[in-house]
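Accompanying notes for the structure given below.
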Amino acid sequence: MGRHGHSRERAVELASQLELREKVGLVSVAMTIGDDAPRDALGSAAYCPGVPRLGIPAWDESDASLGVTNPNQVRGEEPATAFPSLSALGATFDRDLAEEMGRALGEESRQKGFSVQLAGGVNLVREPRGGRIFEYIGEDPLLSGVLAGAQTAGIQAEGVVSTLKHFALNPQETGRVMVSSTITEQALRESDLLAFEIALEIGGAMAVMPGYNMVNGKYASENHFLLTEVLKGDWRFPGFVMSDWGATHSTVHAAMAGLDRQSGRDLDTEHFFGDALMQSVQRGDVPVSRLDDMVLRILTALDSVGALSERRRPGPVSFANHATVSRRVAEASIVLLANDSCALPLDPLGGRIAIVGHSAHIGVLAGGGSTTVTPPGSDLAQGLSIPQMDLPRVHHAPAPLTTITAAFPDREVVHVSPEELHLLGDDDVAVVIVEKWSSEGADWPDLSLGDGQDDVITTTAAHAGTTVVVLETAGPVLMPWIDSVDAVLAAWYGGDHGADAMARVLSGDVCPGGRVTVTWPHAECDLPRPRMTDPSTTTSFPGAPRKGGYFGVDYDIEGADVGYRWYERERLSPQFWFGHGLSYTTFDYRDISVEIGAGGLPVVSLTIENTGDRAGVETPQVYIAPPAGQGQDTFRLAAFHRVRLHAGEASAVQLVLTEERVYSSYDPDGSRWTRAAGDYLVRIGRRAGHTEFEACLRLTSRTWGYADAN
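Residue numbers (UniProt numbering): 1 to 710.
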């Protein structure tokens, strides 16, 4: 019957009893954060009243991937778990932990009365200056697909529908409602679409949200190729497609292209899926069968997680369990970027520890936008203002100054202002905590830290005996001071336990094991598009007055060679490769072999030994390059595995390269994937661009298409 056969049967039974107006009432939703919100609504991103006469309960939907949000504090001072950013989750390279975070998020969403969580950011990070990169896993389709899929699987296992978003090719915020992302079908299939495809296969998300942008000249929310040909056709997606909030542009065209629901209709220019849709059905412009399909997909999705059983209401929430998960993700995500002369971990005894940074005594930074969680105790400052919502700049308590002080009870810990840096001396250890705020609706103009923070680091390093830099950022930044400091940690946006994780890594209670998921450039001239679009010339928010014309961004510059593959193709040397991350301990790789296993798939076997004096985490990575002359023949990530080992412990690891699409090519003319026959280079390393062992493996040809599975 299939994975969702019973839910589909129930949906068919219910839909057959619906009147036309009731059907239309199920395919659009509005935000419920104003005074005119229905009394029954919880107050959130969306609410649908259901159809009470048939027992279809009302349901509520919440943003987003990093926790259950409370937009405009509509539900008052409500406790919430603020999980680390998805860029932090990606840095764990841990599929099991991603699912665990999804379960905690899904449980909290359900316990608060929600039925749909607008989670699952899958877009590849093609633009490291992008404002929403903290909502995405990284630049690689395999890692992004696996971890986003695991998170959505966890959410839905707790009885909440999860989205995947923003489908597709939505790398920048500047002019996001005006921009067209341009790319060939082959490159798109082998990169961004592959990430979504893998995530859907692993997680089974029952909702997909297109982006605000256009893809090859057509809005994603009414793009027949994306929604009907690829998603519902090739991939046989059984769930529903919801627009982003304020991203519906038509009635007939959108419905016939494959959009199943208008979201945030109060941000759109019209209620396209209201009376206009009903009249279009009555005229025959939209067949009744298409409206029925829209309704069936929504009801099937809700029933698949048990959300049609009864009206959900808020109840007790397992905050303590969720806090534990949040802390574990934050700890596992921190990346030791540099550690000259083993400056870290800091000694529990010794001289003064000077904490430098204008927010170090306030809290840890969170990304801005619809995904921002604002639990009580958070510091809310002015961020961005958009139609119907304020997007504050949030710092989560506790503050790093507080947690670091507690972690070093036998050392003096003080907060030092920029004006006092000249008072630092050779006996002082300075921990400089710097930050760069990213938000939905705005991109960074460049990769500098800004706010004079580079100068603060340089001045600190000139006076302190030891200087450690901790970065609270969404992704890469330029590091003109790298040669003058002793250690650098990437702590990302660590959520409400980010400061605890930071202190435990600095003290050595936690051995850092995170890996960067976006390649860090030496300079912006190394990026495929060195210059960003001027945001003053365009419009980035739905509902805001339009200025400027439509414009395009060419992603065929790199095509499928996103991130580290671009650097390899162009023979560029980055600051830090994708997959980079140091440790407080050491690891040895031995007994490495590469062979063809069952089903003709490459298998890598090796033994990893922790040769240091403390427990730690190692993440071996397998990269493969197709035969020369097969088009894009750069190395690409084909397998990875996070291994935790005690001091002196060894473990046998086997990595099967099951995801053949990673090292195959897509033919859009024949609608088929082909794994070419020939000699493939298989590289085992600790990061992209690094070789611990390399072997040549001859593979036979294999070709398959979506029709073969259908």
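Don't be surprised by glycine CBs; every beta carbon is placed ideally from N, CA and C. Source: prediction; values computed, not measured.
> Going by the CB atoms, is the gap between PRO445 and TRP520 shorter than 7 Å?
Replying inline: For the purposes of this step, residue 520 is taken as residue 520 along the sequence shown, with counting starting at 1. For the purposes of this step, residue 445 is taken as residue 445 along the sequence shown, with counting starting at 1. The criterion of a C-beta distance shorter than 7 Å is not satisfied by TRP520 and PRO445.
> When you compare only the Cα positions, how much space is there between ASP410 and LEU349?
Replying inline: Residue 410 sits at position 410 when you count from the first residue of the sequence shown. Residue 349 sits at position 349 when you count from the first residue of the sequence shown. Between the alpha carbons of ASP410 and LEU349 lies a gap of roughly 6 Å.
> Helix, strand or coil: which one does DSSP assign to CYS511?
Replying inline: Residue numbering aside, residue 511 sits at position 511 when the sequence shown is read from its first letter. CYS511 sits in coil when the DSSP states are folded into three classes, being neither helix nor strand.
> According to DSSP, is TRP59 helix, strand or coil?
Replying inline: By one-based count along the sequence shown, residue 59 stands at place 59. It is a strand residue.
> Are the beta-carbon atoms belonging to ALA501 and ALA407 less than 7 Å from one another?
Replying inline: If you number the sequence shown from 1, residue 501 lands on position 501. If you number the sequence shown from 1, residue 407 lands on position 407. Cβ distance not < 7 Å, so ALA501 and ALA407 don't count as in contact.
> How is the alpha helix (DSSP H) around LEU294 delimited, first residue to last?
Replying inline: Position 294 of the sequence shown, counting from 1, holds the residue named residue 294. Note that residue 294 corresponds to Met in the displayed sequence, not to Leu. Counting along the chain, the alpha helix (DSSP H) containing MET294 begins and ends at 288-304.
> If VAL432 sits next to VAL356, beta carbons under 8 Å apart, how far is it from one beta carbon to the other, in whole angstroms?
Replying inline: Taking the first residue of the sequence shown as 1, we reach residue 432 at position 432. Taking the first residue of the sequence shown as 1, we reach residue 356 at position 356. With a contact defined as Cβ atoms closer than 8 Å, VAL432 and VAL356 qualify at about 4 Å.
> So the alpha helix (DSSP H) LEU66 belongs to, where does it begin and stop?
Replying inline: Counting from one through the sequence shown, the residue named residue 66 turns up at place 66. Looking at the DSSP string, LEU66 is not in any alpha helix (DSSP H), and its letter there is neither H nor E.
> Near ASP292, which residues of its chain fall below 8 Å by C-beta distance, leaving aside the five closest residues on each side in sequence?
Replying inline: In the sequence shown, the residue the question calls residue 292 occupies position 292. If we look at ASP292 and ignore the five residues flanking it on each side, its Cβ neighbours are ALA15, LYS23.
> Run through DSSP, which three-state label would LEU86 get?
Replying inline: Locating residue 86 in the sequence shown gives position 86, counting from the first residue. Helix.
> Where does the unbroken beta strand (DSSP E) through VAL603 begin, and where does it stop?
Replying inline: On the sequence shown, position 603 is the one that residue 603 refers to. VAL603 -> beta strand (DSSP E) spans 602-610.
>> Counting beta carbon pairs with one atom in the stretch 138-157 and one in the stretch 199-206, are three or more of them shorter than 8 Å?
In response: Yes: the two stretches touch, three or more of their Cβ pairs being nearer than 8 Å.
> In terms of residue numbering, what span does the beta strand (DSSP E) encompassing ALA168 cover?
Replying inline: Position 168 of the sequence shown holds residue 168. It is not in any beta strand (DSSP E) - ALA168 carries neither H nor E in the DSSP assignment.
> So, is GLY383 buried or exposed, given that buried needs 16 or more other C-beta atoms within 10 angstroms?
Replying inline: As a working mapping, residue 383 is identified with position 383 in the sequence shown. Buried is the call here.
> Given a threshold of 16 other Cβ atoms within 10 Å of its Cβ, counted over all protein chains shown, does GLU135 qualify as buried or as exposed?
Replying inline: As a first step, residue 135 is located in the sequence shown; it is residue number 135 there, counting from the start. GLU135 is buried by the Cβ-count criterion.
> Assuming ASP126 and TYR555 make a contact with CB atoms under 8 Å, what is their CB distance in whole Å?
Replying inline: Locating residue 126 in the sequence shown gives position 126, counting from the first residue. Locating residue 555 in the sequence shown gives position 555, counting from the first residue. The sequence given here places Arg at residue 126; Asp does not occur at that position. 6 Å between Cβ atoms; contact.
> Considering only residues of the same chain and omitting the five flanking positions on each side of GLY508, which have a CB-CB separation below 6 Å?
Replying inline: Position 508 of the sequence shown, counted from the start, is the residue given in the question as residue 508. Same-chain partners within the cutoff: PRO345.
>> Quick test of your reading: ALA257 and LEU277, contact by CB under 8 Å. State the CB separation rounded to the nearest angstrom.
In response: Indexing the sequence shown from 1 puts residue 257 at position 257. Indexing the sequence shown from 1 puts residue 277 at position 277. Between LEU277 and ALA257 the Cβ distance is about 14 Å, and since that is not below 8 Å, they are no contact.
>> Can you give me the C-alpha to C-alpha distance between SER583 and ALA615, rounded to a whole angstrom?
In response: Translated into the one-based positions of the sequence shown, residue 583 becomes position 583. Translated into the one-based positions of the sequence shown, residue 615 becomes position 615. The alpha-carbon atoms of SER583 and ALA615 are separated by roughly 10 Å.
> The alpha helix (DSSP H) with VAL141 in it runs from where to where?
Replying inline: One-based indexing of the sequence shown puts residue 141 at position 141. It should be pointed out that residue 141 corresponds to Pro in this sequence rather than to Val. Annotation for PRO141: the continuous alpha helix (DSSP H) segment containing it runs 141-157.
> Would you say the stretch 75-93 touches the stretch 159-178, given that touching needs at least three Cβ pairs under 8 Å?
Replying inline: No contact exists between the stretch 75-93 and the stretch 159-178.
> How is the beta strand (DSSP E) around ALA615 delimited, first residue to last?
Replying inline: The residue you call residue 615 lines up with position 615 of the sequence shown. Where ALA615 is concerned, there is no enclosing beta strand (DSSP E), given that its DSSP letter is neither H nor E.
> Leaving out the 5 sequence neighbours to the left and right, which residues in its chain are closer than 6 Å to MET1 when beta-carbon positions are compared?
Replying inline: The sequence position of residue 1 within the sequence shown is 1, counting from 1. Only weak support is given to the placement of MET1: the predicted model assigns it a pLDDT of 42, under 50, and the value that follows is read from those uncertain coordinates. Once the five neighbours on either side are set aside, MET1 has no close Cβ partner at all.
>> When you compare the stretch 310-324 with the stretch 106-121, are there three or more beta-carbon pairs, one atom per stretch, that lie closer than 8 Å?
In response: Flag = yes, the stretch 310-324 and the stretch 106-121 touch.
> Residue range of the beta strand (DSSP E) that PHE693 falls in?
Replying inline: As a working mapping, residue 693 is identified with position 693 in the sequence shown. Where PHE693 is concerned, the enclosing beta strand (DSSP E) stretches over 693-699.
>> DSSP three-state label for PRO52, please.
In response: Here residue 52 refers to the residue found at position 52 of the sequence shown. Helix at PRO52.
>> Assuming VAL252 and ASP285 are in contact, meaning their beta carbons sit under 8 Å apart, how far apart are those beta carbons, in whole angstroms?
In response: Position 252 of the sequence shown holds residue 252. Position 285 of the sequence shown holds residue 285. Yes, VAL252 and ASP285 are in contact; Cβ-Cβ is about 5 Å, under 8 Å.
> Helix or strand or just coil, what does DSSP make of TRP673?
Replying inline: Within the sequence shown, numbered from 1, the residue matching residue 673 stands at position 673. In this structure, TRP673 counts as strand in the three-state DSSP scheme.
>> Helix, strand or coil, according to DSSP, for SER333 in the structure here?
In response: Locating residue 333 in the sequence shown gives position 333, where the first residue counts as 1. In the displayed model, SER333 falls within a helix according to three-state DSSP.
> Skipping 5 residues on each side, what residues in its chain have a beta carbon closer than 6 Å to that of LEU18?
Replying inline: As a first step, residue 18 is located in the sequence shown; it is residue number 18 there, counting from the start. Around LEU18: no qualifying Cβ.
> Do three or more CB pairs link the stretch 523-540 to the stretch 437-457 at distances below 8 Å?
Replying inline: With a cut-off of 8 Å, the stretch 437-457 and the stretch 523-540 count as touching, because enough Cβ pairs lie within range.
>> Here's a check: name, in chain order, each residue in its chain whose Cβ is nearer than 6 Å to the Cβ of GLY548, leaving out the five neighbours to either side.
In response: By one-based count along the sequence shown, residue 548 stands at place 548. Within the same chain, GLY548 has close Cβ partners THR537, THR538.
> Can you give the Cα-Cα distance for VAL603 and ARG393, rounded to whole angstroms?
Replying inline: As a working mapping, residue 603 is identified with position 603 in the sequence shown. As a working mapping, residue 393 is identified with position 393 in the sequence shown. If you draw a straight line from the Cα of VAL603 to the Cα of ARG393, it is about 47 Å long.
> Can ALA695 and VAL594 be called in contact, C-beta distance under 7 Å?
Replying inline: To locate residue 695, count along the sequence shown from 1; it is residue 695. To locate residue 594, count along the sequence shown from 1; it is residue 594. Taking 7 Å as the Cβ cut-off, ALA695 and VAL594 qualify as a contacting pair.
> Is ARG393 helix, strand or coil by DSSP?
Replying inline: Counted from its first residue, the sequence shown places residue 393 at position 393. In the structure shown, ARG393 adopts extended strand secondary structure according to DSSP, grouped into three states.
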